[in-house]
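Reading through the structure tokens given below for one structure.
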Amino acid sequence: MNKRRFKQGLRDGVPIGLGYLTVSFSVGIACRNAGLDAVQGFFISLLNVASAGEYAGLRVISADSGFITIALMMLVVNARYLLMSCALSQKFSPRTPFIHRFLVGYGVTDELFGIAISHRSYLSPEYYYGAMLSCIPLWCLGTVLGVEIGNLLPTPLVSAFSVSLFGMFIAIIIPAARRNRVVLGCVAVSFVLSYLFHTLSFFSFMSDGTQIIVLTVVISTAAALLFPIKEEDINKK
Numbered sequence: 000m001n002k003r004r005f006k007q008g009l010r011d012g013v014p015i016g017l018g019y020l021t022v023s024f025s026v027g028i029a030c031r032n033a034g035l036d037a038v039q040g041f042f043i044s045l046l047n048v049a050s051a052g053e054y055a056g057l058r059v060i061s062a063d064s065g066f067i068t069i070a071l072m073m074l075v076v077n078a079r080y081l082l083m084s085c086a087l088s089q090k091f092s093p094r095t096p097f098i099h100r101f102l103v104g105y106g107v108t109d110e111l112f113g114i115a116i117s118h119r120s121y122l123s124p125e126y127y128y129g130a131m132l133s134c135i136p137l138w139c140l141g142t143v144l145g146v147e148i149g150n151l152l153p154t155p156l157v158s159a160f161s162v163s164l165f166g167m168f169i170a171i172i173i174p175a176a177r178r179n180r181v182v183l184g185c186v187a188v189s190f191v192l193s194y195l196f197h198t199l200s201f202f203s204f205m206s207d208g209t210q211i212i213v214l215t216v217v218i219s220t221a222a223a224l225l226f227p228i229k230e231e232d233i234n235k236k
């Protein structure tokens, strides 16, 4: 095991984990409002590690829906992680065993994907394990605390906790955007198109998850066609 990479992942994951600790408070409150206790909330966060997916699932649980409905809802809401996993798989060396790819797939989140994809060289599985170990326990802990004491906190404070995750994600993508103009252009275009998709009534039939998937496919395809990376550049890296 590469201990140096593991420790680096632990270190890089700490800011994300602290953000998860605060954001998952609101997930815990949603669990409590859905009639779940702290143990159930803990396992929901442990097995999902996805705020949007957990919120959607809790809404369906609150509506007393069946297992099939819950499964379909989770598949649609979390479908963007399929795209992230495809992109992340190419960051690993071709010699990386399947078991490492399988285990890393459990911890694919927006923020962990952000720090992993920014690596210029091949990604070490140990690095990702370290980052997961810094983040996932804090995500679960925040959910438990939200179930137990979340309703005792002022509503503005809980809302402020949720906003912190967006600021953290921006901090992750800015360094990559500064290094590469293509990435900067993709980020800017994604901001503009996301705003248009969210505000124009023409796209109101799409859920937030569907909009993310459509924009990801369109923008990444356009970038790959307009600004392809040469094979020799990939081998050099």
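In this text, residue positions in the sequence shown follow numbering that gives the first Met the number 0: the first is 0, and each later residue adds one. Ideal placement from N, C-alpha and C gives every residue a C-beta, glycine not left out. Computed from a predicted model, the values in this text were never measured in an experiment.
Any idea what DSSP makes of residue i, helix, strand or coil?
| i | result |
| --- | --- |
| F226 | coil |
| M72 | helix |
| R94 | coil |
| R119 | coil |
| A78 | coil |
| V22 | helix |
| T198 | helix |
| A62 | coil |
| Q210 | helix |
If distances are taken between C-alpha atoms only, which option among the options comes closest to residue i?
| i | options | result |
| --- | --- | --- |
| V186 | I148, T209, V217 | V217 |
| I135 | D109, A222, D63 | D109 |
| T95 | V75, L71, Q7, L122 | L122 |
| N179 | T142, P153, F226 | F226 |
| A29 | I67, R3, S92, V143 | V143 |
| L152 | A222, F196, R119, S25 | S25 |
| A159 | Y19, L82, V13 | Y19 |
| D36 | M205, G149, G184 | G149 |
| V182 | L156, A223, F196 | A223 |
| L74 | S61, N47, A62, R100 | N47 |
Roughly how far, in whole angstroms, is the beta-carbon of residue i from the beta-carbon of residue j, given that I think they are within contact range, below 8 Å?
| i | j | result |
| --- | --- | --- |
| V146 | G52 | About 18 Å; that fails the 8 Å criterion. |
| G8 | Y194 | So it is not a contact: roughly 33 Å between Cβ atoms. |
| I114 | L87 | About 11 Å separates the two Cβ atoms, so there is no contact after all. |
| L71 | A33 | At roughly 18 Å, the Cβ-Cβ gap does not stay under 8 Å, so L71 and A33 are not in contact. |
| L82 | I172 | With a Cβ gap of about 16 Å, L82 and I172 do not count as contacting. |
Kindly provide the ranges of any beta strand (DSSP E) runs that are 3 or more residues long and lie completely inside the segment 99-160, ordered along the chain.
For the segment 99-160, not one full-length beta strand (DSSP E) segment reaches 3 residues or more.
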